[in-house]
Amino acid sequence: DIAAGKRSPVVKLGLPLATKVLRLPIVGLYLLHVAFVACGWLPWPCLVAALLTLPLARALERFVSLNHLNATKVAPAKIFATKWHAAHGLALSAALVCARLYNL
201 DIAAGKRSPV VKLGLPLATK VLRLPIVGLY LLHVAFVACG WLPWPCLVAA
251 LLTLPLARAL ERFVSLNHLN ATKVAPAKIF ATKWHAAHGL ALSAALVCAR
301 LYNL
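Numbering-wise (our numbering), the sequence shown opens with residue 201 and increments by one.
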């Protein structure tokens, strides 16, 4: 990314710090789900659906933390992130539909 002139967060922070910072939005997202369900802003099936995607989030974090010292090895993390993002969105969508259909 540096050679191409990109100024992504990874370039600005550097790989070791970006790896540590990656945990914050992942943990924060799941904590927001808990808070939103507790406040009644989301139905409880959304929390269950979000927790089903936790293994994908953990796989992303584990992959990056194991390979952060080698920039070429960490590049496939985008694939892990895309899979997690897609699964998370689908799971939440399905949970919202189910909650609406079954009045949960």
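Even glycine gets a Cβ: it sits at the ideal position worked out from N, Cα and C.
Beta-carbon proximity list for residue 288, same chain, < 6 Å, skipping 5 on both sides: Here the set comprises 253.
Delimiting residues of the alpha helix (DSSP H) encompassing residue 267: That run of the alpha helix (DSSP H) goes 254-267.
Helix, strand or coil at residue 214 according to DSSP, with G and I counted as helix: coil
Residue nearest to residue 299 in terms of C-alpha spacing, selected from 275, 225, 243: The shortest Cα separation from residue 299 among 275, 225, 243 belongs to 243.
Enclosing alpha helix (DSSP H) for residue 242 [first to last residue]: No alpha helix (DSSP H) holds residue 242; DSSP gives it neither H nor E.
C-alpha gap between residue 265 and residue 245, whole angstroms: 31 Å
Residues near residue 268 in its chain [Cβ-Cβ closer than 7 Å; skip 5 each side]: 215, 216, 219, 274
Residue range of the alpha helix (DSSP H) that includes residue 301: Boundaries of the alpha helix (DSSP H) around residue 301: 277-301.
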